[in-house]
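Numbering-wise (our numbering), the sequence shown opens with residue 4 and increments by one.
We put the beta carbon where it would ideally sit given N, CA and C, even for glycine.
Because the structure is a prediction, the values reported are computed rather than measured.
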Amino acid sequence: MPVSQRARALSALLVAAAAAAPIAAAAPASAAAGPDAGAGTSTTAPPRHVAHFPTGGLTAKNLVPRLAEAMLSAASLTMATRTSDALGPISCVVDVDMPSSNFLVRLTLPEGSVEVRSVDGQRYLQAPITEGMFYAAKAEDTTLTRIAVSVDPVRPVRALFGAVTSIRATGLPVDLEGVPSQAYEVVVATAKLQDGLGDLGAGIARDQLPPKVTLTFWIDEQDHLRRATSNIAGTPVEMLFTNWGFDFGIEAPPEEQIAHIWPSTR
């Protein structure tokens, strides 16, 4: 689910929480722990050009397999997405450990902030309505279950498989958070997409996208996707990928902070 859709779902939750069904509109949240935690807010300064960077032979055919393989090999990373809609700025930061499927998400928007944790298959939600507690989701709370799919960092990369028509290095390599990275213009034939563009699609359905869109990817020497941007229908989206291979140590909240009954029904 794109960030803007999750944000509006969260807005409905915060406005009508007292009457809402449990977790009917919950949305991803996060904490960007680790050595690169500040990466999500550091791109305002111009990146520093670096003297040398091997392009690595990326092509339209091998781009998706190489990026996906690099993510799977790293096993963990942080994704930070920033965009905006009519109500204001939206940010979503996700720490994910792929081998364990544990994740930690924080969504921040004008209406408030929500955190979702998943530890050993158990989801926990903290939002303004939970008054500092973490609601332990039940098996029937299907929205929180679906979040596990939406935070998979490999899924949006794989969605481009077969749809990339060209890739071109552009500009000089730059230093992103201390890592030399090369910008590439990636042209995508949207009719060949299987599942839209995800967050980079700015919430636009696949059948409503223009025939071709151009994404910009910054990729380092290890095929790590460091930054991705799009601008579709006048809506800019930026995604940052940091903390590659970091051990997040995602844990369940302390027992005294866990609530098993949704606040509106207590």
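First and last residue of the uninterrupted alpha helix (DSSP H) at residue i
i       : result
Arg-158 : 157 to 161
Glu-72  : 66 to 77
Close beta carbons around residue i, own chain, < 8 Å, minus the five adjacent residues each side
i       : result
Leu-209 : For the record, residue 209 in the displayed sequence is Arg; it is not Leu. Once the five neighbours on either side are set aside, the close Cβ partners of Arg-209 are Thr-193, Leu-196, Asp-198, Gly-199, Leu-200.
Ala-139 : Gln-125, Arg-126, Tyr-127, Ile-261, Ala-262, His-263
Pro-159 : Leu-200, Gly-201, Asp-202, Leu-203
Val-122 : Asn-105, Ile-253, Glu-254, Ala-255
Trp-221 : Val-177, Leu-179, Ser-184, Gln-185, Ala-186, Tyr-187, Leu-228, Arg-229, Arg-230, Ala-231
Leu-75  : Met-101, Val-157
Endpoints, the beta strand (DSSP E) within which residue i is located
i       : result
Lys-215 : 215 to 223
Ser-169 : 167 to 172
Gln-129 : 125 to 129
Gly-91  : 91 to 100
Thr-232 : 228 to 235
Gln-197 : First-last for Gln-197: undefined, no H or E at that position.
Glu-118 : 115 to 122
Phe-106 : 105 to 112
Beta-carbon proximity list for residue i, same chain, < 6 Å, skipping 5 on both sides
i       : result
Thr-84  : Val-6, Cys-95, Asp-202, Met-242
Ala-78  : Met-101, Pro-102
Gly-174 : Ala-186
Beta-carbon proximity list for residue i, same chain, < 7 Å, skipping 5 on both sides
i       : result
Gly-252 : none
Leu-70  : Val-160, Asp-226, Leu-228
Arg-171 : Tyr-187, Glu-188
Val-67  : Val-160, Arg-161, Leu-163, Phe-164, Val-167
Ala-73  : Gln-225, Asp-226, His-227
Paired residues, beta bridge with residue i - DSSP
i       : result
Ile-261 : Phe-137
Thr-62  : Partner(s): none; Thr-62 has no beta bridge.
Leu-212 : Paired residue(s): none; Leu-212 is not in a bridge.
Gly-248 : According to DSSP, Gly-248 bridges with nothing at all.
Ser-184 : Val-177, Asp-223
Ala-83  : Val-96, Leu-243
Val-190 : Ser-169, Thr-217
For residue j and residue i, believed in contact at Cβ under 8 Å, the rounded distance
i      : j       : result
Thr-86 : Thr-245 : Contact doesn't hold; Cβ gap of about 18 Å is too wide.
Ala-63 : Thr-219 : Actually they are not in contact, since the Cβ atoms of Ala-63 and Thr-219 sit about 15 Å apart, beyond 8 Å.
Val-97 : Val-154 : 5 Å
Is the number of C-beta pairs between the region 107 to 118 and the region 217 to 227 that are closer than 8 Å three or more?
no
Are there three or more Cβ pairs, one per stretch, closer than 8 Å when the region 229 to 246 is compared with the region 174 to 191?
yes
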